[in-house]
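Taken in order, these protein sequences are the chains called A and B.
Position in the first sequence (first residue = 1) + 868 = the numbering used here.
Position in the second sequence (first residue = 1) + 1 = the numbering used here.
Reviewing the structure listed below.
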Amino acid sequence: FQRLRIIQVDSVRRWMDDLKLMTECE
Amino acid sequence: RAAQGRAYGNLGNTHYLLGNFRKAVSSHEQRLLIAREFGDRSAERRAYSNLGNAFIFLGEFEMAAEYYKKTLQLARQLKDRAVEAQSCYSLGNTYTLLQDYEKAIEYHLKHLAIAQELRDRVGEGRACWSLGNAYTALGNHEEAVHFAEKHLDISRELGDRN
């Protein structure tokens, strides 16, 4: 169960890594 | 006043990239006010996206979800399918952070449908990855395997070894 929880967070973590540099420019 | 709006938008983005998320929110709120004054719906849509992103890093996921929903609504009005897909993906991830997996699935499925329509294989792969994880969290292992297999197929096709 713990391992599944870690995998589950991984796709969100990847999204957040991309999001850090994502800005909608003027 | 229009230039002031653009300056607020640029300031908000710079604060965001520096990790100053409170200041980013303040600037984007100002940008939003000016966009509304001018009836500039594209600028309004951008401000909603930027506000949603900043609230994610502030850990205020409900606020992020509200702004992403506004982004989605405007993307539909503006008939921008790529932005619509991106908003659905953001909402799916935000509801995963909120541990509301049913809603996460709802939005990831919407993202998947648009990614397929736009023939965006990277987006489709990410949607399948996210769906596999959300179904796993709900204990729906059949659906989880289905999407994990689709994710594997697409990753192979794209040469994504990771």
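Note that beta-carbon positions come from the ideal geometry of N, C-alpha and C, so glycine has one too.
Sequence-distant Cβ neighbours of A128(B) in its own chain, meaning closer than 6 Å and more than five residues away, are H109, H112, L113 and A116.
Here the C-alpha atom of E63(B) lies approximately 8 Å from the C-alpha atom of L99(B). Counting only residues of its own chain and dropping the five nearest sequence neighbours on each side, L79(B) has a CB closer than 8 Å to the CB of R42, S43 and R46. In this structure, the alpha-carbon of I155(B) lies about 19 Å from that of Q87(B).
Our two residues, A55(B) and Y49(B), have alpha carbons roughly 10 Å apart in a direct line. Exclusion of the five residues before and after Y136(B) leaves E144 and A145 as the residues of its chain whose Cβ lies within less than 6 Å of its Cβ. With a threshold of 8 Å between beta carbons, N141(B) makes no contact with chain A. In its chain, beyond the 5 residues on either side, G13, A48, N51 and L52 have a beta carbon closer than 6 Å to the beta carbon of H29(B).
With a 10 Å radius around the Cβ and a threshold of 16 neighbouring Cβ atoms, H16(B) comes out buried.
Under the three-state reduction of DSSP output, E67(B) falls in the helix class.
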